[in-house]
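Protein chains in written order, with the working numbering: chain A, 3 to 191; chain B, 266 to 902.
This is the structure in structure tokens:
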């Protein structure tokens, strides 16, 4: 059995082929690569921040940094893993920056309610998500965003976060514990 | 228990879809960064995109739209540099990519890939660890171009130390700008020439005001003194009709915080078209009434703002209103401005709701504008939105193109941004640029008054592009000098005469103020010891002699060749209350930013100086600043 590869290449050039060409100055390859991955970048940014505007800003920041960062990408690393790491690190930086700005930024959520989420049901689901994410400390939130939101295996998440697989496994069990506590709290407020 | 996990998983998976304007902006930013990296690899002059390093997005903290040239969609602007030319390629490519990226793209050929591998082997740092660390390090290069200075912070890894950083066009100088520490005191013997780009942004002041009013001490990184000083109107001499588009003037005064130094104020006043001479104005208000505008800081503020603006119009002006939400509609047919009650009632009827259909609204607004237009009149569409501008089938470039064609037929466009969160500043900025207008951000009624009432007639047209200032100090008169502020606008000495190097723009009626603190030879305030092997200092300083010499370069809008203006700095150029008020604001900024040159001079002195030099302050901006100083003083305790 093959290991689940995250790199997307249903057709056309592979991510790593594009990344190498882009690093060598191929503009079309670079444009293709960024276009292909924008939604993934935005998606993870949103899962990490819970705020749409912030996620959009962050995604743009990451896209603009890619030309330079690609110079340090090595073929040995899977492109998606590398990209996830870039995103997680950029989100950490943004978190630190907003902390120094003195904005209440540690939280997850407090996103603008998406316009389409006017249905009460959606609203309730989003509120629950925000409560659940806010109940988790930032490192657990990041782990959850990768493992649950991006469907990474614990091993892949560990590579992205630069942790051991055991730590990720421990974090996920911690998440379960906290969610249980949250559910108990909701049942008996 | 897995239920919770599954629920969390499902909720996280249901992320909101990426929005097109944000995607377009991000892709444009990425390609621009790519081009810049390529340019510098090819050895194009480093400083060409100086403005891209400017911390324009600082304003975005408060969503300030003005002057976001770092986010401009360059391609739709006049192509004056190779940057713009490269950008043109970009818009040609993007739409195709959106539809089916894979189809026309040749797979990277083997030779290309091989070259890349070779390059990476030789050029990447020898060891994996630093490379990885670099990959994981916070971005300060390409991102610095986008990230506001207030958000920038010292990099974890000094990119400049890595050889590849230079080679791949990481604009290390740019990074320094974005993180710039206050300008140091320079010795005239070593560095007689000081060069910088003008700056008419005022975003930093608005950010600081918002922070102080929220009871927070502003982050010193948010303080850009030149933007604070330039927030205030001053009574500077105006240029003569038919002459240069702006007039420089110089004043010299004792430094409030140091008896042994002097302050030199360099002021520029842009030409102001005479109000009485202005032709009748046809204004089409194109108002976003989509659901997202239903917010106290959006539609209600918008109504108030536009209501205030009506008072500035003359009886012969005309107003029409188009609202766009689910569908665009004419809310008010062209109506003489004299019928204020009718216009106000129409504004009042606007109600937020429904999705956005911007392109349709724009089209309707232009058709109305064309109907109102008569020979000799100026017609302008004023787009008021929170930025969630649904571009419909057309891409931003095509839309900007459309606006530019309308501009050529005499219909201009300006943009007013409201609220924070949705603002698609790149698109809005590009629309305003194409429409020969400005993009302004309105967060309070006060700001609305400043933009739409006090300064309505100004700032409609740029009068000078790429304005650079160079000051050469006379070592016989000035031993040391320090430019207060403009850290992020520094230019290299040789950039001054290089017309390819971009710099700031000045609009009609705009003002620019810069302050230098200078120390005469032999003064006890000197901070640097004289050079042992330096040239012998000239004998007695002649009090009538020039302290220095100011050179200004600018281009008329659309021109590629710059013109030069020169003015000497004379020691007896007396200062006015305006100069002293600017000095008080410079003190305010230095106190907020961590003052190192102020000695015992503190809040009390700054407040007193500002109060004594308030002038007539008809709009109350100065008293507002004084109250902010008081607030800052209390917060500092």
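Every residue gets a Cβ at the ideal spot worked out from N, C-alpha and C, and that includes glycine.
- With contacts defined by Cβ atoms closer than 7 angstroms, residue 715 (chain B) and residue 761 (chain B) do not form a contacting pair.
- For residue 148 (chain A), the nearest beta carbon of chain B is not closer than 7 angstroms to its own beta carbon.
- Where residue 638 (chain B) is concerned, there is no enclosing beta strand (DSSP E), because DSSP gives it neither an H nor an E.
- Residue 304 (chain B) does not reach chain A, its nearest Cβ partner there being about 11 angstroms away, counting only Cβ pairs nearer than 9 angstroms.
- Within chain A, not a single residue places a beta-carbon under 8 angstroms from that of residue 485 (chain B); the smallest gap is close to 10 angstroms.
- In the three-state scheme derived from DSSP, where H, G and I count as helix and E and B as strand, residue 766 (chain B) is classed as coil.
- When C-beta atoms of the stretch 822 to 834 of chain B are compared with those of the stretch 856 to 876 of chain B, fewer than three pairs fall below 8 angstroms, so the two segments do not count as touching.
- Taking the beta carbon of residue 296 (chain B) as reference, the chain A residues within 7 angstroms of it are 33, listed in sequence order.
- If you draw a straight line from the Cα of residue 481 (chain B) to the Cα of residue 900 (chain B), it comes to about 7 angstroms.
- Residue pairing from DSSP places residue 746 (chain B) in a beta bridge opposite B:451 and B:783.
- Taking C-beta separations shorter than 7 angstroms and ignoring five residues to either side along the sequence, the partners of residue 39 (chain A) in its chain run 85, following chain order.
- By the neighbour-count definition (other C-beta atoms within 10 Å, threshold 16), residue 486 (chain B) is a buried residue.
- By the C-beta criterion, the stretch 68 to 88 of chain A is judged to be in contact with the stretch 289 to 298 of chain B, since at least 3 inter-stretch pairs fall below 8 angstroms.
- Taking the C-beta atoms as reference points, residue 680 (chain B) is found no nearer than 7 angstroms to residue 573 (chain B).
- For residue 171 (chain A), the three-state secondary structure derived from DSSP is helix.
- Annotation for residue 525 (chain B): the continuous beta strand (DSSP E) segment containing it runs 523 to 535.
- Bounds of the beta strand (DSSP E) holding residue 811 (chain B) are 811 to 820.
- Put simply, of B:594, B:584, B:459 and B:499 the residue whose alpha carbon is nearest the alpha carbon of residue 646 (chain B) is B:584.
- Cα atoms of residue 64 (chain A) and residue 291 (chain B): separation of roughly 8 angstroms, rounded to the nearest angstrom.
- The Cβ-Cβ distance between residue 151 (chain A) and residue 49 (chain A) falls below 7 angstroms.
- For residue 513 (chain B), the enclosing beta strand (DSSP E) stretches over residues 511 to 520.
- At a cut-off of 7 angstroms between C-beta atoms, residue 172 (chain A) does not count as an interface residue with respect to chain B.
- Buried is the label assigned to residue 484 (chain B), since at least 16 other Cβ atoms lie within 10 Å of its Cβ.
- With contacts defined by Cβ atoms closer than 7 angstroms, residue 513 (chain B) and residue 817 (chain B) form a contacting pair.
- By the rule that beta-carbons nearer than 7 angstroms mark a contact, residue 86 (chain A) does not touch chain B.
- As the crow flies, the alpha-carbon of residue 126 (chain A) is around 16 angstroms from that of residue 278 (chain B).
- Flagged as an interface residue toward chain A: residue 269 (chain B), by a C-beta distance shorter than 7 angstroms.
- By the rule that beta-carbons nearer than 7 angstroms mark a contact, residue 893 (chain B) does not touch chain A.
- 45, 48, 49, 54, 55, 58, 59 and 61: these are the residues of the stretch 45 to 61 of chain A whose beta carbon lies less than 8 angstroms from some beta carbon of chain B, given in chain order.
- In the three-state DSSP reduction, residue 761 (chain B) falls in the helix class (H, G or I).
- Ranked by Cα distance from residue 607 (chain B), the first of B:773, B:586 and B:826 is B:586.
- Put simply, the CB of residue 159 (chain A) is far from chain B, with every gap to its CB atoms at 7 angstroms or more.
- Around the C-beta of residue 166 (chain A), fewer than 16 other C-beta atoms lie within 10 Å, and the residue is accordingly described as exposed.
- In this structure, the straight-line span from the alpha carbon of residue 821 (chain B) to that of residue 47 (chain A) is close to 43 angstroms.
- Residue pairing by DSSP places residue 650 (chain B) opposite B:682 in a beta bridge.
- At a cut-off of 7 angstroms between C-beta atoms, residue 151 (chain A) counts as an interface residue with respect to chain B.
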